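Numbering (the working numbering), first residue to last: 2 to 188. Here a beta-carbon is modelled for each residue, glycine too, at the ideal position from N, C-alpha and C. Being a predicted model, the structure only gives us computed values, none of them experimental.
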């Protein structure tokens with residue numbers, strides 16, 4: 002089933018649970034904060050473990066893929082040459098960056114306006130997002146890096162998602178561009 006559909010269903014279910022148990026009551030604030038903190042701590046601890054596994058494996062397998070600079074203009078992409086280990090490290094760092102941004106936004110919303118529902122929803126959704134993360138599935142669950150887990154991972158942003166790899170034409174153009182730069186530097 003599509004991850005987006007599962008996430009929407011999960012959010013709607015969590016909202017109904019929040020309504021049923023009256024989680025907006027003042028006596029529940031501490032419990033919701035603890036649940037949110039524990040879920041974030043678990044998620045970041047597991048991803049730190051994934052980062053250590055990636056670093057220890059140090060996979061030097063070559064990886065060539067297209068990286069779109071602008072998600073609204075997928076034609077403006079560049080060909081990136083990397084290794085699987087470096088790509089995985091970058092993906093884990095992106096997970097931390099996005100997660101810390103979400104924590105900052107939720108902390109602001111909670112402390113400034115007193116919203117509790119986003120904390121409760123994220124306490125559960127952060128674990129769901131961790132489980133659906135390709136890095137978690139490959140390095141913790143031990144699933145093979147094929148199909149949906151093949152690198153580079155699909156970004157899922159409609160038509161602007163990453164493609165499986167550059168075309169031969171793009172590779173030749175990149176090689177020509179690199180050769181020209183080298184010739185210009187030598188002069």
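So the beta strand (DSSP E) residue i belongs to, where does it begin and stop?
| i | result |
| --- | --- |
| residue 79 | 78 to 84 |
| residue 63 | 63 to 69 |
Less than 7 Å between C-beta atoms, sequence neighbours within five positions excluded: which residues of the same chain meet that for residue i?
| i | result |
| --- | --- |
| residue 21 | none |
| residue 18 | none |
To the nearest whole angstrom, what separates the beta carbons of residue i and residue j, a pair I think is in contact under 8 Å?
| i | j | result |
| --- | --- | --- |
| residue 126 | residue 12 | 7 Å |
| residue 152 | residue 51 | 14 Å between Cβ atoms; not a contact. |
| residue 64 | residue 78 | Residue 64 to residue 78, Cβ: 15 Å. No contact. |
| residue 30 | residue 142 | In fact, because the Cβ distance is near 34 Å, the residues do not count as touching under 8 Å. |
Along the alpha helix (DSSP H) that carries residue i, what are the first and last residues, could you check?
| i | result |
| --- | --- |
| residue 13 | 4 to 21 |
| residue 152 | It is not in any alpha helix (DSSP H) - residue 152 carries neither H nor E in the DSSP assignment. |
| residue 144 | Where residue 144 is concerned, there is no enclosing alpha helix (DSSP H), given that its DSSP letter is neither H nor E. |
| residue 115 | Per DSSP, residue 115 belongs to no alpha helix (DSSP H) and is neither H nor E. |
| residue 57 | 30 to 58 |
For residue i, tell me which candidate among the options has the shortest Cα-Cα distance.
| i | options | result |
| --- | --- | --- |
| residue 110 | 34, 61, 129 | 34 |
| residue 15 | 146, 69, 120 | 120 |
| residue 41 | 4, 74, 102 | 102 |
| residue 5 | 70, 130, 28, 104 | 130 |
| residue 155 | 61, 68, 59, 58 | 68 |
| residue 43 | 66, 132, 149 | 132 |
Less than 8 Å between C-beta atoms, sequence neighbours within five positions excluded: which residues of the same chain meet that for residue i?
| i | result |
| --- | --- |
| residue 97 | 45, 48 |
| residue 55 | 86, 89, 90, 93, 136, 140 |
| residue 122 | 12, 15, 16, 19 |
| residue 60 | 84, 85, 86, 89 |
| residue 23 | 29 |
| residue 144 | 138, 150 |
For residue i, collect the residues of the same chain with a Cβ closer than 6 Å to its Cβ; drop the 5 residues on either side in sequence, then sort them by chain order.
| i | result |
| --- | --- |
| residue 36 | 124 |
| residue 25 | 117 |
| residue 8 | none |
| residue 70 | 77 |
| residue 74 | none |
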